[in-house]
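Here is the structure we will look at.
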C-alpha cells in the first residue's frame with residue numbers, strides 16, 4: 018500500500034470516535050461550494066445593508082475566487098478521474114453520501130481555501146484590531162474542513178492539499194488583480 022492509502026486508513030478507521038463521528042459529517046458540509054457561496058452572498062448582502070463597503074468588496078473578491086477555483090477544480094477532476102477511496106478500498110467508514118465519483122483534487126478544500134485565503138489576505142483592511150485572532154479562526158476552520166474530508170471517507174489525504182493549493186493559488190491570482198476586477202465591476 019502507498020503512504021496515501023495508509024494515511025487514509027489511519028485517519029478514517031483508527032481515529033474514529035463517537036464525537037467526531039457525529040460532528041465531522043456536519044462540519045464537512047460547511048466547506049462545500051453551495052454553503053460557501055451562500056455564506057459569501059450573505060456577507061455581501063449584510064455589507065451592502067450595513068454600508069460596509071470594504072467588507073462588500075472583499076466578499077465579492079472571495080466570491081470570484083470561489084468561482085474561479087471551483088472551475089479549475091472541476092477541470093482537474095475530469096482530467097485526473099481518480100475514484101474516491103470508498104469505491105476502491107474495502108472497510109472505508111463512509112459517514113456521508115457523495116455523488117461525485119472523482120476524488121482528486123478535493124473541491125471542498127479548494128472552495129474553503131479560496132474564500133478563507135481572500136479574507137486572510139484582506140483582514141487588516143477589515144478589522145483594525147485583533148485581526149490575527151480572526152486569521153487564526155479562519156485557519157482553524159479551514160484545517161477542520163480539510164481533515165473532515167478524509168475522516169468522513171470521501172477523500173484520500175493527497176486530494177486535500179491539492180485542492181487547498183488550487184484554492185490558495187486561485188485566491189492569490191484574483192486578489193492580485195482585485196483593484197482591476199472591482200474597477201471593471203464599478204465597485
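Numbering (my numbering), first residue to last: 18 to 204.
Heads up, the beta-carbon is just placed ideally off N, CA and C, and yes, glycines get one too.
A direct Cα-to-Cα measurement between residue 49 and residue 61 gives close to 18 Å.
Counting C-beta atoms within 10 angstroms of its own C-beta, residue 177 has 16 or more neighbours from the protein chains shown and is therefore classed as buried. Where residue 107 is concerned, there is no enclosing alpha helix (DSSP H), because DSSP gives it neither an H nor an E.
CA-to-CA, the gap between residue 103 and residue 158 works out to about 25 Å. Residue 126 places its beta carbon less than 9 Å from that of residue 180. In the three-state reduction of the DSSP assignment, residue 100 falls in the strand class.
Three or more Cβ pairs closer than 8 Å define a contact, and the region 188 to 202 falls short of that threshold against the region 51 to 69. In this structure, residue 78 lies near residue 191, with their beta-carbon atoms less than 9 Å apart.
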